[in-house]
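Chains as they are written, first to last, in my numbering: chain A, 783 to 1051; chain B, 4 to 565.
Even glycine gets a Cβ: it sits at the ideal position worked out from N, Cα and C.
As the structure is a computational prediction, the values presented were derived from the model and not from experiment.
Structure first, then comments.
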Amino acid sequence: MASVLSAINVTKQFGGLTAVNTLNLEVAENSISSVIGPNGAGKTTFFNCVTGFYTPEHGEIKYKDNRIDGLRPDQVTQMGISRTYQNIRLFSNLTALENIMVGYDPHLKTGWLDAVLRTKRYHDDEKAAHEEALKLLRFVGLAGSGDLIARNLPYGAQRRLEIARALASKPGLLLLDEPTAGMNPNETGEMMHFIRDLRDSLGITILLIEHDMRLVMGISEQITVLDFGEKIAEGGPKEIQSNPRVIEAYLGRGAATEGMATTSGNKSG
Amino acid sequence: MSTQNRFDWLKAVQLGAIAGITGILISLVGMLQQFDSRDIIAGSLSMGWTMLFLTVIVASYFSAAHQPSKLLSIAASFVTGLVFGFVMCLLTYAVDTFDLRQTLVNASPALVKILTFEDGVPTGLVELVVTVTIAGVVGGVIYILPQRIRKAVSLGLTVMVFLGLMQQIIQVTLSNFPQVNSATAWMFGRGTQKGLSFNGAIVVFLVVTLSNLFWESNATKVNSQIQKMPENRQRSLRILGYGLLLLVVLYLPVLLGLYLTEVVNVTGLFILMGLGLNIVVGFAGLLDLGYVAFYAIGAYTVGVLTSVSGQLSTAFEWNFWWALPVCIFVCVMAGIVLGIPVLNMRGDYLAIVTLGFGEIIRILALSDFLKPHIGGSQGIVSIPPPDFFGVLLNKPQTLYYLIVAGCLLALFVSQRLRDSRLGRSWKAMREDEDVAQAMGINLVATKLLAFATGAAFSGLSGTILAIKLGTIYPHSFALLISINVLSLIIVGGMGSIPGVFIGGLLLAGLPELLREFSEYRLLIYGALLVVMMQVRPEGFWPEETHKREFHENEQVPTQEAA
C-alpha cells in the first residue's frame, strides 16, 4: 500500500538534547497507526515536526510525496494534515459551532472586501461552513450542542469536539495526540470505536499517540515504539507485545528478561 | 463569597474605614473644595458633597449585601455610615486644630467650612456624622429594595445628578428654544444659580424613576406584541425606528448648538479611533499601545497634501477630497509596515514594541531632520477646511456630518468584518494563536489585516482632526491618546462595538463637558479603571465572548464525565 506520510531520518534537537533522532517512519494509506513510548520519548515532538510547529534539523518529511518539513502549520493543514492536542486546546470561549467553523477555514475564499460588501461568495461560504459544522457535530454525537460554549462541555465531548474541529479541514491524515487521556475505560472503549469508524466511514488515515495499551493494541495496524527519540521497534500489535526492547523500555531491564521468560513460557505451554 | 449566618460586623466597619480613607483622599487632594463650587441642586446639594455621599452610599450598599436579614442589612449600613462619619470627623477636627497647610495645601479652613456646613467645629461635627450616617442607611435601604425598584431609583438618582452637573450647558442649549423658557426657568431656577432647582430635582427624579418602573413592567409585554406582529409589519417598524434615529442624528447639531456639537465632535473622533483599536485589541487580541501613530500619520499626510501655508518644501495644495483616499492608503500601508516587525510578538512584548513605534512617529514629527517637509515642532499650519458641494466644513456643525459619516462607515465595516470568516479567525487567534494557525489560518495575513483596518480608522480620525483644527503639532499626538483610546475600549467592553460608543461618551465626552475639573481627570480615570477591573472587568457593554472569559468560574455546571 502506498504510504501517506513518510519520515526519513528526521532529527530534531533542542540545544544539546536530541528529542527525535534519525527517525524513519511510514504511514500506510487508510491505516490506523500508533506511535508509543515512555514519557519524553519524543512522540509529541515528532507530531510537532509533522504539523509544522517545529522544523527538523535533518531529514525529510513527506506527505503524499510532497515535502512538508519547513512549511508553516497553516500550510501543512492546507495540504491535508490535521491534528488534536494532548491537553485539549479548543477555542474555549467560542461556541462548539464556531470552533468547527474555524476548522473549516481552509476551504473558505471570502476576503475582507467580500465580507464588507456581503457578496455572493460571502453568503455561500458562510452557508457552507455552517452546514459542514452542523454535519460534523452530528457525526461526533454532539448534535444540539452547537451553541454551547466549548469550555462548558463535558470532558469527553470536548475531546470529540476537538476531533470534529480537526475533521472540518477535511484532512487526508489525522494526527491524534492521546485522544483518550483522562478517560475512563468505558469512554476509552467508545473512543476506540469512534476512531475506527472515522477511518472506515471517512477514509481518513489515522496516526495516534497513545498510552492506553488496550486501545493501541486493539485498533492499530502498525505500531512504532520510540524511546529517547529513537525508534526501537516497529510492527503489528503482536510483534510489539513480545518485543524485548519494548518491554525493557517500558518496564526496565529486569522486567524485560522476566517478561521474555513468561512469554516463551506461555508459548511453550 | 458564601452567605454568612452571622451579622458581619467586621465587614461593615472595614467598608466604613475604606470609605473614610476615600473621603480623606477626596478632601485632601482638593477635589471636595473644587467640586463644592458646583451645585447639583441649587442651595442644597453641591457636587463635592455628592461625591462624599456617593462614596458612603456605595460602601454601605456593599456592607448591607449578604447580611442574614433585612434589618441587619440596615444595621450594617448604619455602622458603615457611622464609621465613615467618624473618620471624616477626625479629619475635620485635625484640620481645624492643627495647621497642616505646610504639607497638605488643601487642609484649609475652607475645607472645614464645607465639612461642617459652615457651623464650626462642635456643632458642625455632629451634623456631619448624622448626615453621612443617614446617607449610609440610604445605601442599605437601596440594597434591600426589590431589584426592579432599586434599578429605577439608582437610575433616577444618576439622571438627577447628571442633569444638575450639566445645568449650565443644558440651559444655554435650551435658551435657543424660547417656547420652553418658563419650564427651563422652573427646573433650573433663574439668574446665576447653578444646578437644578429643588423642585426641578424632585420632578426629574420622580419622572425618571417612575417611567423606568413603568417601562420595565411593560417592556416584555410590548416586546411580545412586536414579536407577534407579521414579518412585514415588524420590518416596517424597524425601518421607522432607524429612520427616526437617523433624523435625530441629522438634526442633532441644530439641537445642540455650537459648544455641545464641538463636544460631540471630539467624542466622535475618539469613537472612530476606538472602533479601529477595537478591531486590533478587541477582536484580534493584539495589544497595541502605539495606536496614536496612525492618528498622527493620517493628520500629517492630509496636512502635507493640503496645507496652503507655503512653508513646507513641497506645496501640494491638493483638494481635501483628493487627499482623503491617499491618506487612508498611507495609513493602511503604515499599519502593514509597522505590523510586519511585530508579527511574531505576543502580549507584553507586542505592547512594548508598539509603544515604541508610537513614540518614534511623534519624535520623527518633532525632528529637525524632517522639519522642511513636515514642519518640525512648529507643525503644519493653514490646512484649509474642505468644501462639500459649496458648504465649507469649517464649523463644528458642518464638520459633525463628516465625523458621523466616518463613524458610521467604521461601524458598518467593523460589524461586517466581525461576522465573517475574518472575524472568526481573529477571535480564534485571540483565544489561541498556535492552534488557530494549526487550523489553517494564515497568521500573517490575518494579523496584518487587523493592523491595517485599525490604522485606516485611526488615520481617518486623524485626517478629520487636521482639517478641524487647521493646524497640527507633534505634541497633539502624545502617548496619552493611545492610553485614552485603550481605556475607552476597556471601559466599554473589549471587542464590543456598542461598548466603544459608551466608552467614548464616558471617557471622551464627559471629561470634555467637565473641563473645569480637568485637573482631576487622570485621577478619576485611574480610579474608574481600578473599580472597573474589580467590579465589572468585562466592561459596561461586554461582547459575548469576552464576558465568558471573565466569568470562567461561574460556568454552567455540566454533567461531569466521570
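Exercise for the section: Can you give me, in chain order, the residues of the stretch 887-899 of chain A that have a beta carbon less than 7 Å from any beta carbon in chain E? Expected result: Judged by its chain identifiers, the structure shown contains no chain E, and its protein chains are A and B.
Handout entry: Per DSSP, cross-strand counterpart(s) of A:Ala789
Key = A:Leu807 and A:Ile843
Problem - Interface residues of chain B facing A:Thr904 [CB-CB closer than 7 Å] - result: The amino acid occupying residue 904 of chain A in the given sequence is Tyr; Thr does not appear at that position. Under the 7 Å cutoff, chain B gives Ser423.
Exercise for the section: My understanding is that B:Thr83 touches B:Ala22, with C-beta atoms under 8 Å, so please give their C-beta distance in whole angstroms. Expected result: 7 Å
Problem - Cutoff 8 Å: B:Gly443 Cβ touching any chain A Cβ - result: yes
Problem - Neighbour list for B:Lys430 in chain A, Cβ cutoff strictly below 9 Å - result: The CB of B:Lys430 comes closer than 9 Å to the CB of Phe873, Asn875, Leu876, Glu880 and Val884 in chain A, given here in chain order.
Handout entry: chain A residues whose Cβ lies nearer than 7 Å to that of B:Leu420
Key = Trp894, Ala897 and Val898
Problem - For A:Ser864, three-class secondary structure by DSSP - result: A:Ser864 carries a strand assignment under DSSP once its states are collapsed to helix, strand and coil.
Exercise for the section: Identify every run of the alpha helix (DSSP H) within the stretch 947-1003 of chain A, keeping only runs that are complete inside it and at least 4 residues long; order them along the chain. Expected result: 967-984 and 995-1001
Exercise for the section: Go through its chain and collect everything with a Cβ distance to B:Val251's Cβ below 6 Å, but skip five positions before and after it. Expected result: Excluding sequence neighbours, B:Val251 sits near nothing in its chain.
Problem - Chain-ordered residues of the stretch 984-999 of chain A with a beta carbon less than 9 Å from chain B - result: When CB distances to chain B are screened at a threshold of 9 Å, not a single residue of the stretch 984-999 of chain A falls below it.
Practice task
Report yes or no: is there a C-beta of chain B within less than 8 Å of the C-beta of A:Arg865?
Solution key: yes
Practice task
Compute the distance between the beta-carbons of B:Ala337 and B:Ala530, then report whether it is under 8 Å.
Solution key: no
Practice task
Assign B:Val156 to one of two classes, buried (16 or more other C-beta atoms within 10 Å of its C-beta) or exposed (fewer than that).
Solution key: buried
Handout entry: Beta-carbon proximity of A:Arg900 to A:Lys891, cut-off 8 Å
Key = no
Handout entry: Below-8 Å beta-carbon distance, B:Thr561 vs any chain A residue
Key = Bear in mind that the predicted position of B:Thr561 carries a pLDDT of just 42, short of 50, making it too unreliable to give a figure here.
Handout entry: Whole-angstrom distance between B:Val16 and B:Val86, CA atom to CA atom
Key = 6 Å
Exercise for the section: Could you please give the first and the last residue of the uninterrupted alpha helix (DSSP H) stretch that includes A:Gly834? Expected result: No alpha helix (DSSP H) holds A:Gly834; DSSP gives it neither H nor E.
Handout entry: Distance CB(A:Gly938)-CB(A:Gly862) smaller than 8 Å
Key = no
Exercise for the section: Let me know the secondary structure DSSP gives A:Asp907 once reduced to three states. Expected result: DSSP places A:Asp907 in helix when its eight states are reduced to three.
Practice task
Step through the CB atoms of chain B and report whether any lies within less than 8 Å of the CB of A:Ile870.
Solution key: No, no contact with chain B.
Exercise for the section: Going by CA-CA distance only, name the one from B:Arg104, B:Cys92 and B:Gly19 that's closest to B:Ser63. Expected result: B:Gly19
Practice task
Could you check if B:Phe566 is buried or exposed, using at least 16 other CB atoms within 10 Å of its CB as the buried criterion?
Solution key: With chain B represented from 4 up to 565, any question about residue 566 of chain B goes unanswered, as that position is not in the structure.
Problem - Span separating the alpha-carbon of A:Asn821 from that of A:Ala1031 - result: Roughly 10 Å separates the two Cα atoms.
Problem - Between the CA atoms of B:Ile27 and B:Leu94 - distance to the nearest angstrom - result: 7 Å
Exercise for the section: Kindly indicate the opening and closing residues of the alpha helix (DSSP H) around B:Ile147. Expected result: Its alpha helix (DSSP H) spans residues Val124 to Ile147.
Exercise for the section: Return no unless some Cβ of chain B is closer than 8 Å to the Cβ of A:Ile769. Expected result: No information on residue 769 of chain A is available, as it lies outside the stretch 783 to 1051 that chain A covers here.
Practice task
Note down, in chain order, every chain A residue with its Cβ under 9 Å from the Cβ of B:Gln440.
Solution key: Gly834, Phe835, Arg854, Pro855, Asp856 and Thr859
Practice task
Give a yes or no on whether the C-beta atoms belonging to B:Phe380 and B:Leu369 are separated by under 8 Å.
Solution key: In the sequence as displayed, the identity of residue 380 of chain B is Ser instead of Phe. Against a cut-off of 8 Å, the Cβ pair of B:Leu369 and B:Ser380 comes out as a contact.
Practice task
Can you tell me the Cβ-Cβ gap for A:Val792 and A:Gly841, rounded? I've got them flagged as a contact below 8 Å.
Solution key: 4 Å
Problem - Closest Cα partner of A:Glu992 within the set A:Ile986, A:Val1007 and A:Arg981 - result: A:Val1007
Problem - Environment of B:Ile229 [buried if 16+ CB atoms lie within 10 Å] - result: exposed
Exercise for the section: In the DSSP assignment, find the unbroken alpha helix (DSSP H) run with B:Asp437 in it and report its ends. Expected result: Glu436 to Ala441
Problem - Beta-carbon separation (whole angstroms), B:Glu436 vs B:Gly502, contact threshold 8 Å - result: Not confirmed; about 24 Å, so no contact.
Exercise for the section: Can you grab the Cα-Cα spacing for the pair B:Tyr352 / A:Gly798, in whole Å? Expected result: 28 Å
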